[in-house]
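Counted the way full-length UniProt numbering counts, the sequence shown spans residues 1 to 187.
Using N, Cα and C, we set each Cβ at its ideal position, and we do this for glycine too.
Everything on this sheet refers to the single structure shown next.
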Amino acid sequence: MLVQHTIVTDILGYRKVSARWVPRMLIDEMKMQRKTKCTELLKNYEEEGEEFIQRIVIGNESWVHHYDPESKRQWMEYRHKSSPSPRKFKVVASERKVMLTVFWDSEGIVHTELLKQGNAVNSERHILTLKKLSVRLKHVRPKMHAVLHHNNARPHTSLQTEEALDKMNFVVLPHPSYSPDLAPSDF
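In structure tokens:
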């Protein structure tokens, strides 16, 4: 075994390596689509500059778990200086959770909504959220003509949603398939 190992590693120059995990294997068509959409975004930036960036409103959903943490004061207690310190274990996520939908732009959070566990984000629900966002944008950013960016989840891309977005005069930025890296809330 040692001789074979020496031949493989030293003479042939091979070494054992692990495969690196990647989220999705993209086919050439997906790569081309991603390049086209990114080029389109760059073109918009070249034409409008910083104003384009400032008009982008990003939307995303994320599950948020409930925690019941005690404050540091609540778990403090008197002990003799020779006594061992009390131990506090890390709080783990509870089974209860809510879906947080958040929209933000270059100035900060514009709109948030919470959806309780057991409810689903479907096209109808998403359209209601977009209507609230539209009203909110008119209030907090009255002069801005927002450009919406969200992922390709079905509620975001359904025919119903696209029609509603048109009625609300939202321009939607293209989102390349399997590109979660474009939304800060995914980190």
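Review point. What are the complete alpha helix (DSSP H) segments, minimum 4 residues, inside the segment 126-169?
Key: The alpha helix (DSSP H) runs lying completely inside the segment 126-169 and spanning 4 residues or more are 154-157 and 159-167, given in chain order.
Practice item. In angstroms with no decimal places, state the Cα-to-Cα distance between D105 and S85. Key: Roughly 46 Å separates the two Cα atoms.
Check your understanding: Comparing alpha-carbon positions, which option in R20, H111, V3 and S18 lies nearest L12?
Key -> Checking every option, the nearest Cα to that of L12 belongs to V3.
Check your understanding: In the DSSP assignment, what are the bridge partners of I109?
Key -> For I109, which the question treats as bridged, DSSP gives the partners W104.
Point to revise | Counted within 10 angstroms of its Cβ, other Cβ atoms place S83 as buried (16 or more) or exposed | key: It counts as exposed.
Exercise for review: May I ask you to report which of helix, strand or coil DSSP gives V171?
Suggested key: Assigned with DSSP and collapsed to three states, V171 falls in strand.
Practice item. Give me whichever residues DSSP pairs with V57 in a beta bridge. Key: Answer is L148.
Practice item. Put L5 into one of helix, strand or coil per three-state DSSP. Key: The identity of residue 5 in the sequence shown is His, whereas the question assumes Leu. Note: H5 maps to helix in three-state DSSP.
Check your understanding: K116 bridges to which residues according to DSSP?
Key -> According to DSSP, which records beta bridges pairwise, K116 is partnered with V98.
Exercise for review: Please classify S62: does DSSP put it in a helix, a strand, or coil?
Suggested key: Reduced to three states, the DSSP call for S62 is strand.
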